[in-house]
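K.L.:
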Amino acid sequence: MDKHITKTNELLLNLVVELKKTSTAKKAKIWKAIALELLKPTRKMREVNIDKINRVTKPNDIIVVPGKVLGKGNVDHNVTVAAFNFSESAKQKLKDNLSIHELMKKHPKGTGVKIIG
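Heads up, the sequence shown stops at 116 in numbering that gives the first Met the number 0, and the numbers go up one at a time, no gaps.
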């Protein structure tokens, strides 16, 4: 007996539609990959701590987390982070935090954007 559970968060569903449209219009595969990640079951949604972001990024990197950024750790260099959700402590620790929608508007072709998970 397989249960088919669908996402009910309207913000998430609208974001996925917008990501897919932008992916097709700008021929940027990264936005479609992020949309597919966001549609995964909640228990498989990515959660990334700030200390991991600090380890795997270089100064001035632009990254996207298709899930939630958590506040454990610190960042010792300038990095722009976009995610679907941020914990309160992560918002305070990150200077440049954006929603995925804002990042998509700033970089519609997805050049220079990296997915971390």
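Where a beta carbon is used, it is the ideal one built from N, C-alpha and C, also for glycine.
Note that the structure is predicted; figures quoted are calculated from it, not measured.
Using alpha carbons as the reference points, say which of Lys92, Ser86, Val78 and Gln91 lies closest to Leu102.
P.N.:
Nearest of Lys92, Ser86, Val78 and Gln91 to Leu102, Cα basis: Val78.
K.L.:
Return the Cβ separation of Leu37 and Leu14 in integer angstroms, given the expectation that the two are a contact with Cβ distance under 8 Å.
P.N.:
Indeed they touch by this definition, with Cβ atoms about 7 Å apart.
K.L.:
Please classify Val55: is it buried, with 16 or more other beta-carbons within 10 angstroms of its beta-carbon, or exposed?
P.N.:
Exposed, because fewer than 16 other Cβ atoms sit within 10 Å of the Cβ of Val55.
K.L.:
Three-state secondary structure (DSSP) at Asn84?
P.N.:
Looking at Asn84 - three-state DSSP - the assignment turns out to be strand.
K.L.:
With 16 other CB atoms within 10 Å as the buried threshold, where does Lys92 fall?
P.N.:
With 16 or more Cβ atoms within 10 Å of its Cβ, Lys92 is classed as buried.
K.L.:
Mind checking which residues open and close the alpha helix (DSSP H) that includes Asp75?
P.N.:
It is not in any alpha helix (DSSP H) - Asp75 carries neither H nor E in the DSSP assignment.
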